[in-house]
Each structure stands twice: as C-alpha cells, then as structure tokens.
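Participant: The structure that follows is given in the form of structure tokens.
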Amino acid sequence: MNHYFRRSHLLSLHRILNDPAASDNDKYVATELLKNAEVSAEGILPSCQDTGTATVFAKRGYNIITNQTDEKDISLGVYNAYANNNLRYSQVAPQTMFNEKNTKTNLPAQIDLLAAPGANYKMLYIVKGGGSANKTQLFQKTKAVLNENAFAEFIQTELMKLGTAACPPYHLAVAVGGLSAEANLKTVKLASCKYYDTLPESGSMGGRAFRDRAMEEKILYMARNMGIGAQFGGKYFLHDVRVVRLPRHGASCPVGIGVSCSADRQMKVKINKDGVFYERLEYNPKSLYKLDATAIAEAAIMEDPVNEVDPKLMVKAKTSGEPEKMKNVEINLDLPMDEIRKVLTNYPVKTRVALTGTMIVARDIAHARLYGRIQKSGDLPDYFKNHPVYYAGPAKTPAGYPSGSFGPTTSGRMDPYVAEFQAAGGSMVMIGKGNRSAVVTEACEKYGGFYLGSPGGMAATLSANCIKSVEVLDMEELGMEAVWKIRVENFPAFIIVDDKGNDFFKEFSTDDATVPPEVNSSIYSVLEFFETVDKNHDQMLEPSELVDGFTNLSLQDATQLVLKYDLGGFGGLNLDEFLTMVMKEEEIVLYVGDETAKQKLLAAD
Ligand code: SF4
171 MNHYFRRSHL
181 LSLHRILNDP
191 AASDNDKYVA
201 TELLKNAEVS
211 AEGILPSCQD
221 TGTATVFAKR
231 GYNIITNQTD
241 EKDISLGVYN
251 AYANNNLRYS
261 QVAPQTMFNE
271 KNTKTNLPAQ
281 IDLLAAPGAN
291 YKMLYIVKGG
301 GSANKTQLFQ
311 KTKAVLNENA
321 FAEFIQTELM
331 KLGTAACPPY
341 HLAVAVGGLS
351 AEANLKTVKL
361 ASCKYYDTLP
371 ESGSMGGRAF
381 RDRAMEEKIL
391 YMARNMGIGA
401 QFGGKYFLHD
411 VRVVRLPRHG
421 ASCPVGIGVS
431 CSADRQMKVK
441 INKDGVFYER
451 LEYNPKSLYK
461 LDATAIAEAA
471 IMEDPVNEVD
481 PKLMVKAKTS
491 GEPEKMKNVE
501 INLDLPMDEI
511 RKVLTNYPVK
521 TRVALTGTMI
531 VARDIAHARL
541 YGRIQKSGDL
551 PDYFKNHPVY
561 YAGPAKTPAG
571 YPSGSFGPTT
581 SGRMDPYVAE
591 FQAAGGSMVM
601 IGKGNRSAVV
611 TEACEKYGGF
621 YLGSPGGMAA
631 TLSANCIKSV
641 EVLDMEELGM
651 EAVWKIRVEN
661 FPAFIIVDDK
671 GNDFFKEFST
681 DDATVPPEVN
691 SSIYSVLEFF
701 ETVDKNHDQM
711 LEPSELVDGF
721 TNLSLQDATQ
731 LVLKYDLGGF
741 GGLNLDEFLT
751 MVMKEEEIVL
761 YVGDETAKQK
771 LLAAD
C-alpha cells in the first residue's frame, strides 16, 4: 500500500491534466504526483517518506472461527510489512509522561475489530501519514451552524485554514452530527477512505446516516474557487468531497473535518471460505496514459459530479509516456549565494523553479545547535552560508540508491531561527513544505532571502530522479537529524516568499499562517537532544555523556552539573532532571559551548 494507489485516485490526477480550467501549477503538481506513483509502483521507494500509521478497520462474520489471536496476527502482518520493506518507523512509545522512544517496528497498529453477520472477514487497511492525520479536526458546534449561510461560512473558513502542509489535492470528508464526538471523527476517517460511499441519500425517522451529495457539490465548488489549488494556486485544492450527516443529541452538534492527502493509501480485503481477496490497486500507473480524455472524464465525473468542464474541450490525453514537459526557471545552486539570489529576485512569487547543485539538509535539532553557535560566536558555519538549506529527513535507503524517500518536512518549525540566521548570512534560500509565518517574510525582505516551497507528496520521485548524492556533513551523532550535504538535479520548487516582502500564501492567509505555539516550543528539540546525548540509552545522562554531547564541557564541569541537578540521587540526570535543568536555566538549550551560559548554569541555586 505504500507503493500503489487506487485507480480512482490516479484518475483524479489525470483529470487535472486534462482540464483546461486547471492552472499550470495544478497540472505541474498532478504531473509530478503521477510520476511519483510510477516510481513508487516499482516497489522499492515508498510513495511518501512518511510511511504512516497502519490502521485496520475489520468486521469479522459471526460464523468465522479463528484461533482468537486476531489482533496479534494482524499486528504481525503490519510488522512484516514495515520490517521487510524500505518503510519508515514512525510510532513512538511513551516511557514516561514526557519521554518517548521509537518502537522500531512501526507497531502498534490501530486495529478496530467489530462483529458482523455472515461468514466474511472484511477489512479496510489504511496507511495514514502524520501531516494528513493532523488536519483532522473536531468542532463542537451548536444548532446555530445548521443553516445554509452559517454552514457555508464555517466550511469556507475551515477550508482556508486547512492550508497546504498536508500535500493537496485532498480528498475531503465532513461529518455533521453523531451520537458522540468519537463517532463523528470515526465517520470522518472512514468517509475520507470512501468507505461510506453507498450510504442512502436521505435521512429517516430511525436516524439513519446519509450522504448529502448536494452539500458535497457546494463545498467542492467553494474549494475550486478559493484559488489555493493543488499547493501553488489554481482550482484543484480538493479532488472530491464526502459529506455524511448523522443523528445527534439535541444539545450537541459535533462537526468533523478531515482529509486524505496525496499519499491516499487504502485497500479493502475480504477473507472467506473461498480465499483471500484484495482490492486491486493500480500496479501499472503508466497504463492510464493510454486512456483517452473522454474515458478519464467519465471516470472523474463518477468521482466528482462538479466537474463542470466539458470533456470535449479537454486536451487529448497523451497516448503514452509522460505528459508534456512544462517550463521551469532553472537555478544553478552552485553559483555563489549572492548570484543565486540575483537570479531569484527577477521572478515573482509562484514561479516554478528547477534546482540543480548543492543543498544543505538540516532540520529541528541541527537548527537548535546552529542557533547555539550563533549565540556563542555570532557566526554560522560556511556551509550554511554558501548553500540553500532544505528542511527534510530521509526514510530507509534501499540498496543501490543514493537515498531513501526524501521529501520536504513542514518548514514552519524552523521559523523562529530565520531572522537571526539570515542576519548572520545563513538560510538565505530555504526549501521546505507549507506556509511560513510573518517573521520569515519580514526577515526575507530585510536580508534579501527567499523561501521556496517544494511540492509535498512526491518523495519517491525526488529520491529516484532528483537526489544524486547524500553525505553527512556535520553533527553525525544526530543520525537522521544530522546535517547532510546533497546534490540535486532538476529539484522542483516554487518561489513562495521573496526578497520584497511578498508571500504567495499570504493571499490565502488565515490563522494558519501563524506558527502554533507548540510548534515553536523547544521542548521537542530538548527531548530529542536528550536522546542523542544519552548514548547508552539508559534514560540517564552520566557526566561522560554530557562531555560528549556538549561542546567544550569538561568532565569536572559535567560532574558538577550532575551533582547539582541529580535530585533523585541516581548518579546521572534522568529526563525529568535534565528538563528541570533546562527550565531552570534556559541557556542550557543554547549552551553548546557558551561560556557565559555555562557559568550561569553552574552558579544557579
Ligand atoms: S503526502 Fe504529505 S501529508 Fe501525506 S503522508 Fe506524505 S508528507 Fe504527509
């Protein structure tokens, strides 16, 4: 499932290519997502670097007898899938309230097991990425939202807030009502997988759930006209919409909204006395280019009744191979940084670029450490000033490949560093995913910087076609969070923020343009930093580990710090004590060789 898509999902992308009303950028994103599907269908690189949480929604017939270890057996299947393929382990298990460890199996899976009449064992498998899951929202509304105008206004606002960080075009699901908040959100999830497509289309006195197709059309029309498009402006923010209306308690009105992202990964399975039956996913995405425009349009209209484009107007689909190559501005990243900026300044936001040359890859912890270096020396390493920075972290590397799937991560987490880094000559060209906050736009205007958005959802093609070499450059001990140097060719991106104070996403900005406080919080960096310093993984920082983890910290000073903060008398600092130390003296976050901070810390009561 991490390699193949449903045919209907791929046809939705083809429909964009054939729609004269789709923007050039819509078509570009659709083209790249289709290429990505072709690469992932080779079965080596997963379609996205976030290979997700495995979710299984199962109904076991009353007449089916098993050995009563169903959850265990399903979990074993999930384990085998992640252990035997180039998939990323994303699940972390809490050890204490604030300390977590990666389970390194991608277990546990979310398994819902229900009973049903008959002798079939039916399952829906879902692979859900974190970014996509984070877009699920519950609103505890009241009856006041249940009228045309109020509902339209509410949906319009929330659609804008969805933003592009979860890699549109989205399959949107909305559930209105529900006997509980949990029932509502479960409906959202299953509806986004098209699980409830055959619901009736009207309500009943018995309180049956139904699909409101008229509302689906209204919401789709709304989204088509918002202008966000498939990530960089246009018509295709959404592929399609499902609206499910549910009964509710008169005093409650939960409304749930969720999406399935460009990594739209689901599959139905049925087991009965005749065998095991899998939903047929599309193993040969290239074959869809053989379909003509009318066939695609017909398939699309079944999916999307609001396809207001006349199929006769559609450009004839290609009969084979890739769609027509679209124009990019080619940017040579091996030029000096000032020269790169001189080229970029000639183009407006929303311009599509193809990047070739060297990039530095750095994300959360590396940024925190570089920030510490600035505090200490007022300067950044040359590599950070001479090259653009790409916010990313790769999945497992398959044998013979330069890297695993290597898509961009959400850039907003790096926003707090941008102004100081640019003042020191770094982060002058940044590449990542999603929108930035106003501080980034202001810094780029002040210091002459740029932010380029790389399309999300196409990690496999980036790795297979664009990333030519990967080497660790700095902070190797951070593993995947290390600073990497990579060479890219024709790496796709768009100018999102320029050096004149323009921000492409500003025209769609809502609260979403502001980085949420928890994203800015340094607590995650601190937790991850603790893990990297704790070399023997005993959840305790001994003086020798502190010496290795911090620049210029002597064994004597480390011992003194441990004596001061080892409140439980463990002979080292456990996570709680480490956090106490961090919170007591914020400088520890920045204390990577900063003498003043060290003295202050040692002197603290
Ligand atoms: S396509 Fe985007 S939102 Fe979906 S799983 Fe991948 S990174 Fe996350």
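Heads up: take any position in the sequence shown, counting from 1, add 170, and you land on the numbering used here. All C-beta atoms in this analysis are idealised placements derived from N, C-alpha and C, irrespective of residue type, glycine included.
#1: Could you round the C-beta distance between S624 and I601 to whole angstroms and report it? I think they count as a contact, below 8 Å.
#2: Please enumerate, following chain order, all residues with a beta carbon closer than 5 Å to at least one heavy atom belonging to the ligand SF4.
#3: Since A565 is in the alpha helix (DSSP H), which residue starts that stretch and which ends it?
#4: Look at the alpha carbon of G397 and the alpha carbon of K405, and state the distance between them as a whole number of angstroms.
#5: Flag this pair as yes or no: are the beta carbons of S210 and A565 separated by less than 7 Å?
#6: Whole angstroms is fine: what's the gap from M584's alpha carbon to A593's?
#7: Using 7 Å as the threshold, is the C-beta distance between M385 and Q326 below it?
#8: For K497, which three-state DSSP category applies?
#9: So, is I665 buried or exposed, given that buried needs 16 or more other C-beta atoms within 10 angstroms?
#10: Apply the 10 Å Cβ neighbour rule to A569 and answer buried if 16 or more other Cβ atoms are within range, or exposed otherwise.
#11: Measuring only the C-alpha atoms, how far is K456 from A634?
#12: Do L332 and K305 come within 7 Å of each other at the CB atom, strictly closer than that value?
#13: Does Y459 come out as helix, strand or coil in the three-state DSSP assignment?
#14: Can you tell me where the alpha helix (DSSP H) holding F324 begins and where it ends?
#15: Mind reading off the beta-carbon distance from Y295 to V199? Whole number of angstroms is fine, and I expect it under 8 Å.
#16: Just to confirm, is the Cβ distance from Y560 to M529 under 7 Å?
#17: On the DSSP letters alone, give me the boundaries of the beta strand (DSSP E) that V315 sits inside.
#18: Out of A663, I214 and K274, which one is the CA nearest neighbour of P578?
#19: Return helix, strand or coil for S691, following the three-state DSSP convention.
#20: Can we count L451 as close to the ligand ZN, meaning its CB is less than 6 Å from some heavy atom?
#21: So D504 and G527 are supposed to be a Cβ contact under 8 Å. How far apart are they, rounded?
#22: Cβ atoms of K271 and Q265: under 7 Å apart, would you say?
#23: Buried or exposed: which applies to R450, given that a residue is buried once 16 or more other Cβ atoms fall within 10 Å of its Cβ?
#24: By alpha-carbon positions, which one of I234, L716, F748 and S724 ends up nearest to D444?
#25: In whole angstroms, what separates the C-alpha of D718 from that of D508?
#26: Please state whether DSSP places F713 in a helix, a strand or coil.
#27: Go to T528, then tell me how far its beta strand (DSSP E) extends in each direction, as first and last residue.
#28: Tell me which residue opens and which closes the beta strand (DSSP E) that Y448 is part of.
#29: Which of the three DSSP states is assigned to Q436 in this structure?
#30: Under 7 Å between the Cβ atoms of V777 and T611?
#31: Over what stretch of residues does the alpha helix (DSSP H) that includes F554 continue unbroken?
#32: Run through DSSP, which three-state label would K616 get?
#33: Closest to R258 by CA distance: which of G574, A613 and G741 is it?
#34: Let's see if you can read the secondary structure: which residues bound the alpha helix (DSSP H) around A594?
Facilitator: From the atom records:
#1: 6 Å
#2: C218, D220, G299, G301, S302, A336, C337, C431, S432, A433, G626 and G627
#3: Looking at the DSSP string, A565 is not in any alpha helix (DSSP H), and its letter there is neither H nor E.
#4: 6 Å
#5: If you check the CB distance, S210 and A565 do not come in under 7 Å.
#6: 15 Å
#7: With respect to Q326, M385 sits apart: the two C-beta atoms are not nearer than 7 Å.
#8: coil
#9: buried
#10: Flag for A569 reads exposed.
#11: 16 Å
#12: yes
#13: helix
#14: Boundaries of the alpha helix (DSSP H) around F324: E318 to L332.
#15: Not really, about 26 Å apart at Cβ, beyond 8 Å.
#16: Yes, the pair counts as a contact, with Cβ atoms nearer than the cut-off.
#17: Where V315 is concerned, there is no enclosing beta strand (DSSP E), given that its DSSP letter is neither H nor E.
#18: A663
#19: Confidence in S691 is poor, its pLDDT being 41 and thus under 50, which makes the residue's placement too unreliable to answer from.
#20: The ligand ZN is not part of the structure shown, which contains the ligand SF4 as its ligands.
#21: Contact flag correct, Cβ pair sits at about 4 Å.
#22: yes
#23: exposed
#24: I234
#25: 37 Å
#26: Per the sequence shown, residue 713 should be read as Pro rather than Phe. If DSSP states are grouped into helix, strand and coil, P713 belongs with the helices.
#27: R522 to V531
#28: G445 to Y448
#29: strand
#30: Coverage of the chain is limited to positions 171 through 775, which leaves residue 777 absent and any answer about it impossible.
#31: D552 to N556
#32: helix
#33: G574
#34: Note, A594: premise wrong, no alpha helix (DSSP H); not H, not E.
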